Structure formats: C-alpha cells, structure tokens
Amino acid sequence: GMMSTADISQCAACGNKGGDDLKACAACKLVKYCNVTCQKAHRSNHKKECKRRAAELFDEALFQQPPPKEYCPICFLPLQFGPEYIKYYPCCMKVICSGCVYAVEAGMTSSLSPCPFCRTPTHTSNEEVIERCKKRMEANDAEAFITLASFYHEGEMGLPKDLKKSIGLCMRAAELGSIHAHYLLGQAYYDGDGVEKDMKKAEHYCERAAMGGNVIARHYLGLLEGIHKSNHNRAKKHIMIAARAGYDNSLKMIRDMFTAGHVTKEEYEETLRANKDSLDEMKSDQRDRTRAVDIFLKNNSSL
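The sequence shown: position 163 = 163 (the working numbering), numbered continuously.
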C-alpha cells in the first residue's frame with residue numbers, strides 16, 4: 001500500500017531509519033530504500049503504486065505550460081511553425097526566420113546573399129553546403145544532422161534519396177537532445193515514412209518534442225490520443241495547448257469540437273484569445289511581405 005509521508009525517513013523494505021543515506025525510488029519518489037537489495041525485495045509490493053504515481057508525474061510534466069518559443073536571433077520575434085518559415089545556416093548554427101532571410105536577399109543585387117547573421121558568403125556549390133554541414137556535425141550540432149537528413153529525405157543537393165540514412169541522422173540529432181529531431185521522428189513513425197508505422201514510438205518521440213515546446217508534435221499527440229486511442233479528454237488537452245500557441249490546424253479542430261459540443265464556450269473563447277495573442281507575437285511587416293511574395297511566386301510559377 002501507499003506509505004504516509006511520515007514513513008519516508010525509513011527504508012520501505014526493512015524499516016531501517018537511514019536518514020539522508022536512503023535513496024528515493026527514481027520513478028515515483030514516494031518511497032526510499034537502503035540499497036538495491038532492499039528495492040528489489042520490495043518491488044512486488046510497490047510496483048502497482050509506483051507505476052500509478054510515475055504516470056501521474058509524467059502527465060504533470062506533459063500537460064504543463066510549454067516552455068517559451070524559440071526566437072529568431074536577428075529580429076527577436078518567436079519563430080513561426082513549419083520549415084517554410086525558417087532557415088538553418090550551418091556557418092553559425094543559427095535558425096533564422098523567413099522575414100530576416102528575405103530582407104537580406106531582397107537587398108542583394110546578386111543571387112548569392114550572405115548569411116543574414118554572420119555574413120558568411122553563400123555557398124557556390126552543393127558540395128560546399130554538405131561540407132559545411134559535416135563540419136558542424138563534427139562539432140555535434142544537432143541541427144546540421146537534421147539538415148543533412150532533410151537532403152537525404154528529399155534527394156536534394158546532389159544526394160540520392162535515402163530514407164534509411166535520413167532516419168539515422170535524425171536519430172543522432174535526437175540523441176544530441178534536439179527537440180526538432182524528436183518531432184521529425186514522431187512524424188516519421190506516425191506516417192510510416194522511412195520506418196515501419198509505429199504509434200507507440202510516434203507517441204514517445206512526440207511526447208518528448210511537445211514537452212520541449214514543439215507545437216506541431218503537440219498537435220500529433222492530440223491526433224494519437226483522439227483517433228488512435230479514443231482518449232478524447234487527453235486529445236482535447238493537447239489540441240488546446242497547440243491551438244493556444246498559435247497552430248492553425250489545432251484551432252480548426254477546437255472549432256469543430258466546440259461545434260460538436262466537446263469544448264465549452266468559455267474554453268473556445270479563451271483558446272481564440274490565446275491563439276490571437278500567439279499569432280500577434282510572431283507577426284511582423286517583414287514576415288508578412290515574405291509570405292505575400294511566396295504566395296505570389298507560387299500562384300505565378302507557370303509564368
């Protein structure tokens with residue numbers, strides 16, 4: 001059974017009052033032991049309670065207010081979601097928003113604009129890009145691993161399309177602690193892209209990414225909980241966090257949930273307000289202009 005807090009000063013297995021020498025159970029922090037032998041002896045009694053409390057602690061961490069968004073190092077505005085809004089520069093390891101990239105490119109007379117942050121001249125060949133990435137990979141820069149992974153994923157920069165290699169590079173970036181890589185792996189396992197579809201692994205990677213503040217991973221968790229596990233209350237929590245952070249697809253889902261009666265009027269209005277605040281935080285004239293140019297080019301690509 002569960003121990004009272006008064007018992008925490010003694011070993012849960014043998015009752016020895018060890019004071020500061022006792023080690024807490026790493027999973028649940030509810031009980032303490034003299035050593036591994038005592039812990040093993042108590043395992044069958046403690047297992048159920050430990051599992052329940054460990055799940056509670058994990059949920060507390062999973063659903064708490066996400067950490068602040070990442071910022072562009074030039075304009076200091078939060079970065080928008082999605083690869084089309086950001087660009088990684090291996091010369092200085094910076095992820096820069098599309099608005100600041102466009103501002104530099106628009107002022108250039110040649111197509112070879114330098115890095116907006118450190119002014120390193122732009123690469124003149126595919127080989128040079130890959131060389132720069134590999135140099136940063138030697139310094140264990142996770143974002144460089146992800147960039148090379150994206151080249152293999154798409155078959156870009158003169159590299160062959162190789163999904164296995166792409167996943168391997170993402171795995172390495174995740175080992176280096178990259179939130180972005182955890183999200184990409186979660187998405188790959190969710191879609192079966194380069195790996196066998198695996199919802200358990202998708203959930204694992206998306207949870208780590210969401211706890212690190214990745215909003216799209218948070219949206220995927222909502223889909224996993226709602227569509228694949230029918231845990232609608234947990235799904236709603238995830239989708240709401242992502243919608244409030246400014247993710248459009250999540251807001252659309254919250255709107256549908258409200259229409260279907262699964263979200264209260266108060267929850268919906270509060271989500272709308274938070275969503276608008278998040279979007280306003282990420283807005284700038286420069287970014288709006290970049291978006292307008294992108295849309296124009298897309299619509300007139302046949303010209």
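Yeah, the Cβ is synthetic: ideal placement off N, Cα and C, and Gly gets one too. As the structure is a prediction and not an experimental result, all values here were calculated from the model.
Item: Under 6 Å Cβ to Cβ from S278, same chain only, skipping five residues before and after it: list those, please.; Value: A245 and G246
Item: Excluding the five sequence neighbours on either side, which residues of its own chain have a C-beta within less than 6 Å of the C-beta of F58, listed in chain order?; Value: none
Item: Output the distance between the C-alpha atoms of S166 and P114, rounded to the nearest integer angstrom.; Value: 27 Å
Item: How long is the line joining the alpha carbons of A297 and N126, rounded to whole angstroms?; Value: It should be noted that the sequence gives Leu, not Ala, for residue 297. Whole-angstrom Cα-Cα distance: 24 Å.
Item: Going by CA-CA distance only, name the one from Q187, D141 and G99 that's closest to C92.; Value: D141
Item: Between the Cα of D280 and the Cα atoms of R132, E70, A54 and L77, which residue gives the shortest distance?; Value: L77
Item: Determine the DSSP secondary structure at Y247, reduced to helix, strand or coil.; Value: coil
Item: Out of P116, Y85, C25 and V104, point me to the one whose CA is closest to K94's CA.; Value: P116
Item: Assuming Y88 contacts T147 (C-beta within less than 8 Å), just tell me the rounded distance between them.; Value: 5 Å
Item: How do the segment 8–21 and the segment 29–36 stand: do at least 3 beta-carbon pairs fall below 8 Å, yes or no?; Value: yes
Item: Near E225, which residues of its chain fall below 7 Å by C-beta distance, leaving aside the five closest residues on each side in sequence?; Value: N231, R234, A235 and H238
Item: Determine the burial state of S250: buried for a count of at least 16 other Cβ atoms within 10 Å of its Cβ, exposed for fewer.; Value: buried
Item: Rounded to whole angstroms, how far is the Cβ of E144 from the Cβ of Y183, which I believe are closer than 8 Å?; Value: Here residue 144 is Ala; the residue named in the question, Glu, does not match the sequence. About 17 Å separates the two Cβ atoms, so there is no contact after all.
Item: Give the DSSP-derived three-state secondary structure of K283 in the structure shown.; Value: coil
Item: May I ask you to report which of helix, strand or coil DSSP gives K161?; Value: coil
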